[in-house]
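Protein sequence lines, in the order shown, are assigned to chains A and B. Numbered per the numbering used here, the first sequence spans residues 6 to 156. Numbered per the numbering used here, the second sequence spans residues 35 to 787. Ideal Cβ positions, reconstructed from N, Cα and C, are used throughout, including at glycine. All remarks here apply to the structure that follows.
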Amino acid sequence: MIELKVNGTARSFDGDPNMPLLWYLRDILGLTGTKFGCGMALCGACTVHKNGQAIRSCVTPMSSAAGSQILTIEALGGNELHPVQKAWIELNVPQCGYCQSGQIMQAAILLKVKPHPTDQDIDDAMAGNICRCGTYQRIRQAIKRAAEKTA
Amino acid sequence: MKTIENVSRRRFLQGVFGAGAFILAVRCAPFSLAQGVIDALNDANRATFHPNLFVGIQPDGTLYIVAHRSEMGTIIRTSLPMVLADELDADWKRVKIDQAVGDKRLGDQNTDGSKSVRTYFNTMRECGATARLMLIQAAAQRWNVPVSDCSTEPGFVLHQASGRRAGYGELASDAAKLTVPPKDQVQLKKPAEWRYIGKGMISIDLENLCTGKAVYGIDARVDGMLYASIEHPPVFGGKVKALDDKEALKVKGVQQTISIDPFKPPAAFQPLGGVAVIADNTWAAFEGRKKLRIDWENGPNESYDSNEYKKELFDTAHQPGKVIRSVGDSDQEFGRNQRTYEADYYVPLLAHVPMEPMTALAEFKDGKVTAWAPTQNPQAVQAIVSSELGIPPENVICNVTLLGGGFGRKSKPDYVAEAAVLSKKTGRPVKVVWTREDDVKFDYYNAVAAMYLKAALDEKGKPTAWLQRSVFPPITATFDVNAIYGDPPHLAQGWTDLPYDLPNLRIENGPARAHVRIGWLRSVANIYHAFAVQSFTDELAHRAQRDPVEYLLDLIGQPRILDFTNVNYPNYGADYKTYPWETGRLRNVLEMVAEKSEWAKKKSGKGHGFGIAAHRSFLTYVATVVEVEVGDDGDIRIPRVDTALDAGLVVNPEATTAQFQGAAVFGTSIVRTGEITAKNGAIEQSNFYDYPVARITDVPAQTNVYITESSAPPAGVGEPGVPPFVAAFCNAIFAATGKRVRDLPLSTNKLFA
């Protein structure tokens, strides 16, 4: 039995310990805000927070999530919007939106670690998140906007 | 032919609207709405059944507008309802959007070809304006005043003289009793009166897209559903010879395996066939699939090899082909003028790779299928599910979810048919989820293309004769096994319609047989056609030591309408009188982008360069300037892109800007790394490590978009940004380095190896 906390709620799981956290979140818990894009940690669509760090849930087996605190897009801002989400809305970032949960989760950790990121910091942090619609210019602007607002 | 009807008292809508609602329907197809009523009454799923394009107003003032086109990020399900809301003089805050199911009575729903706004702009306006007039009539009747003394402000009818006002909701039940006024009484707003059209709205989905609440196809869930992952034949047209599923069935959560029949050629939208693993969750289905042991019979495409095929394409391209369009006498001029220049250009197979892989949920029950699918084409879902399962198309209800990207791939609903077939075989709802590897290996690829161009030149370097010949396996081969020549609609994409004013011109196409499924991808044949034409033009400009902008303007010539008499030029399905090919508009965007980018002040060389290209596609004129910096290590950066467009009237400028910014990124992927190859008939790439797409570190740092103010009819905006970007990017690389990109992509052409 694997015990963990997801968005503050205690959960236990007795299925295949090799199952990636992504599919546990999506298929078992029905938290579908976290997306499947590649299954190999290449695109970042599945990014969630594990103990305050951005991880790729598609390659994180449930066994390694045991005892951890998982935060997903559904609970990122608590009862309100997280500053990153507000900036995303202000700058009208998404097109299809599919990758944006992962982008936002990644950006939220970037700003936690580096409240005033440089362009290089943004490149380093966000290069693992693919957006096929091509919203990168606005993603960069929105990260800077969120940094200003939280400063 | 379309007709607007008052359907407020039709019982079928009472599941959707409360009593006293006022509802207008627009009938776009030659089917009686009465028939729709009968169908709907027989339909158990009435509450989500939308019989037609309509607007409905509830007595509480809530407005429902049906979106019948698919949302994949262009904001179309906001922009089209916004057009209707404007003519209705509605309060946008009171609008709710209902996404339509697939239904041919709605007219065309295939959300591709950058044509949603242009084909439905007038319909949406007329429907909104008609509803507005009827609300005014209801108010005038109630107040016993002439209709002409009444006006509206968002959500209200006003009678200025007496100061009376009534909300649309209050008037709904009276308006519902009125006869629809004839079209000649309905007045459309003057453009100056528009509140939303031309100003734009943000996506109604915006907040949901940022909070994980938006529901895509992969997120669809129903009780009791199973999950499926399918091993497809590695070679197109292959089939299972022998299957051993013993180990697969031992995987925890796996319930069974099911063989899916191979398609009967032509492939069209049929499932590819193979073996499905059915499980309790997606992961178990994936794991079970890894344990399948399958011997394949590969069939006739087993020897397909991209390197060999490229040689064949160029062999064909170097021989006379089928003449598509001819002006003057090119042969004579090439015989006379020996000052010639020629070049070959190549663009490989390209995959779509939308971030959401192919996926669909379907439930077969009592002879009917209900599907939830991220599809650009719900009526094609109905058609293919109907033929695969042998049930009437109207017994297929296709709910359209949000799409996690489409780019043309999701117009082809093979994956939805798979879910329906598997649901019928299991007796349970089944969700099919393709892996990224499935998506890369079993796409409907943009065609691989070889282009040969030749020009005879005068002393100023201007062509006196021009020959261009393209060879590519046509999209039509996916639907007709004998098709080997380019079809007129795709040849017309930047090939037939070369806009240069030249005395001798010949445009040709040669044959090529397809060995994979060929399909349309964002801007389609324009990608390779514009790359070849705009690269060759740039080469000629540099050879003549002339400024590329000035040279392009010289070749385009004076403003005129291109004459396609005796030429098969489908013009993107649009009427040529309404949407003529106007060279003056191409000149305008070229001059506009040159000015905005300060082209005249730019100096290229020493690893820093500027490139330009201009192209019309999907009835929109675009010119793009790309700036590149190339490091000593061959590392290419794109500091800035400027793109000017004339898409006629632009209903949503903000969404249009986003589309052109995205197109530059899409084009970046094509130039840098876009290449699918086959060996022994099987696709060699599989995921983002060997089919990379542009990341934040690869893309233009800044894309500036300039929209021409125009009252011309609206044209496309989703696709037209891609073709000129690709050529301008490559032209900039030449300007910076002297290295000419003739083979795409950079990752394999060894230019910077």
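Q. Where does N765 (chain B) sit, in a helix, a strand or coil, going by DSSP?
A. Look at N765 (chain B) here: in three-state DSSP terms it is helix.
Q: Measure the C-alpha to C-alpha separation of E422 (chain B) and T612 (chain B) and round it to an integer number of angstroms.
A: Spanning the alpha carbons of E422 (chain B) and T612 (chain B) requires a straight line of approximately 40 Å.
Q.
Could you tell me which whole beta strand (DSSP E) segments of length 3 or greater appear in the region 419-476 of chain B?
A. At a cut-off of 3 residues, the continuous stretches assigned as beta strand (DSSP E) that sit fully inside the region 419-476 of chain B are 430-434 and 464-467.
Q: Could you give the DSSP three-state label for G20 (chain A): helix, strand or coil?
A: If DSSP states are grouped into helix, strand and coil, G20 (chain A) belongs with coil.
(Q) So D676 (chain B) contacts chain A; which residues on that side make the cut at Cβ distance below 9 Å? (A) Listed along the chain, the chain A residues whose CB falls inside 9 Å of the CB of D676 (chain B) amount to none; the nearest CB is some 13 Å away.
Q. Closest by CA to P754 (chain B), which one among B:L780, B:Y610 and B:Y606?
A. Cα-wise, what sits closest to P754 (chain B) is B:Y606.
Q: Could you run through the region 102-113 of chain A and flag, in chain order, every residue whose CB is less than 8 Å away from some CB of chain B?
A: Against chain B - using a Cβ distance shorter than 8 Å - the residues of the region 102-113 of chain A are G102, Y103, C104, Q105, S106 and I109.
Q. Excluding five sequence neighbours on each side, which residues of the same chain lie with their C-beta closer than 7 Å to the C-beta of Y336 (chain B)?
A. As written in the sequence, residue 336 (chain B) is Glu, which differs from the Tyr given in the question. Non-local C-beta neighbours of E336 (chain B) in its own chain, meaning closer than 7 Å and more than five positions away in sequence, comprise V269, N714 and G715, ordered along the chain.
(Q) According to DSSP, is D572 (chain B) part of a helix, a strand, or is it coil? (A) DSSP, read as helix, strand or coil, puts D572 (chain B) in helix.
Q: Can you tell me which of the three DSSP states K154 (chain A) falls into?
A: Look at K154 (chain A) here: in three-state DSSP terms it is helix.
Q.
When you compare the CB of T82 (chain B) with every CB in chain A, is at least one pair closer than 8 Å?
A. Residue confidence is low: T82 (chain B) scores 25 on pLDDT, short of 50, so the model does not pin down where it sits. Its coordinate-derived value is still stated next. Closer than 8 Å: no.
Q. In the DSSP assignment, what residue or residues form a beta bridge with P215 (chain B)?
A. DSSP lists no partner for P215 (chain B).
Q) Would DSSP call S185 (chain B) helix, strand or coil? A) The DSSP-derived three-state label of S185 (chain B) is strand.
Q | Span of the beta strand (DSSP E) around K399 (chain B) | A | It spans T393 to K399 - the beta strand (DSSP E) in which K399 (chain B) sits, taken as one unbroken run.
Q: State the beta-bridge partners of L169 (chain B) as determined by DSSP.
A: Bridge partners of L169 (chain B): none, in fact.
Q) So which residues of chain B does N97 (chain A) contact, with C-beta pairs closer than 8 Å? A) Think of a sphere of 8 Å around the beta carbon of N97 (chain A): the chain B residues whose beta carbon falls inside it are I236, S237, L240, E688 and A692, in chain order.
Q: Give the DSSP-derived three-state secondary structure of G139 (chain A) in the structure shown.
A: The answer is coil: DSSP assigns G139 (chain A) none of H, G, I, E or B.
Q) For T123 (chain A), which residues in chain B fall below 9 Å Cβ to Cβ? A) Those within 9 Å of T123 (chain A) in chain B number zero; the least Cβ separation is about 13 Å.
Q | Minimum Cβ-Cβ distance from T460 (chain B) to chain A less than 8 Å | A | Answer no: the Cβ-Cβ gap between T460 (chain B) and chain A never drops below 8 Å.
Q.
Let me see if you follow: with CB-CB separation under 8 Å, is F700 (chain B) close to chain A or not?
A. Residue-level contact check: F700 (chain B) touches chain A, since one or more beta carbons of chain A fall below 8 Å from its beta carbon.
Q: Measure the alpha-carbon distance for V699 (chain B) versus Y478 (chain B) and round it to whole angstroms.
A: Taking the straight line joining both Cα atoms gives about 21 Å.
**Q.** Cα-Cα separation between G639 (chain B) and D666 (chain B), rounded to whole angstroms
**A.** Approximately 13 Å between the Cα atoms of the pair.
Q.
Between B:V751, B:N765 and B:K636, which has its C-alpha nearest A647 (chain B)'s C-alpha?
A. For A647 (chain B), the nearest C-alpha among the options comes from B:N765.
Q) Are there 16 or more other CB atoms within 10 angstroms of the CB of S104 (chain B), so buried, or fewer, so exposed? A) The residue in question, S104 (chain B), is buried, as its Cβ has 16 or more Cβ neighbours within 10 Å.
Q | Coil, strand or helix - T108 (chain B) by DSSP | A | Here T108 (chain B) sits in coil by DSSP.
Q. Run through DSSP, which three-state label would F297 (chain B) get?
A. If DSSP states are grouped into helix, strand and coil, F297 (chain B) belongs with coil.
Q. What distance in whole Å lies between the Cβ atoms of A282 (chain B) and R323 (chain B), which are believed to be in contact at a cut-off of 8 Å?
A. About 7 Å separates the beta carbon of R323 (chain B) from that of A282 (chain B), a gap short enough to meet the 8 Å contact definition.
Q. Got a sec: does the ligand PLP put a non-hydrogen atom nearer than 7 Å to the Cβ of S150 (chain B)?
A. In the structure shown, the ligand PLP is absent, as is every other ligand, since no ligand is present at all.
**Q.** Nearest to V89 (chain A) (by Cα), restricted to the options B:I170, B:N371, B:E241 and B:T145
**A.** Closest by C-alpha distance to V89 (chain A), out of B:I170, B:N371, B:E241 and B:T145, is B:E241.
**Q.** Cross-strand partners of V11 (chain A) (DSSP beta bridge)
**A.** Its beta-bridge partners are A:T14 and A:I75.
(Q) I need the DSSP call for G33 (chain B), collapsed to helix, strand or coil. (A) Residue 33 (chain B) lies beyond the residue range present for chain B, which begins at 35 and ends at 787; the question has no answer from this structure.
Q | Residue of B:V705, B:L653 and B:V664 minimising C-alpha distance to L683 (chain B) | A | The shortest Cα separation from L683 (chain B) among B:V705, B:L653 and B:V664 belongs to B:L653.
Q.
For A74 (chain B) and A396 (chain B), I'd like the C-alpha separation in whole angstroms.
A. Bear in mind that a pLDDT of 37 at A74 (chain B), under 50, signals an unreliable position, so the number given afterwards is only what the model happens to contain. Cα to Cα, A74 (chain B) sits roughly 20 Å from A396 (chain B).
Q: Just the C-alpha distance for A15 (chain A) and S73 (chain A), rounded to the nearest angstrom, thanks.
A: The alpha-carbon atoms of A15 (chain A) and S73 (chain A) are separated by roughly 10 Å.
Q: Please confirm if R145 (chain A) has its CB atom under 8 Å from at least one CB of chain B.
A: Taking Cβ atoms only, chain B reaches closer than 8 Å to R145 (chain A), which makes this a yes.
Q | Supposed close pair I114 (chain A), M131 (chain A) - CB separation, criterion 8 Å | A | With a Cβ gap of about 11 Å, I114 (chain A) and M131 (chain A) do not count as contacting.
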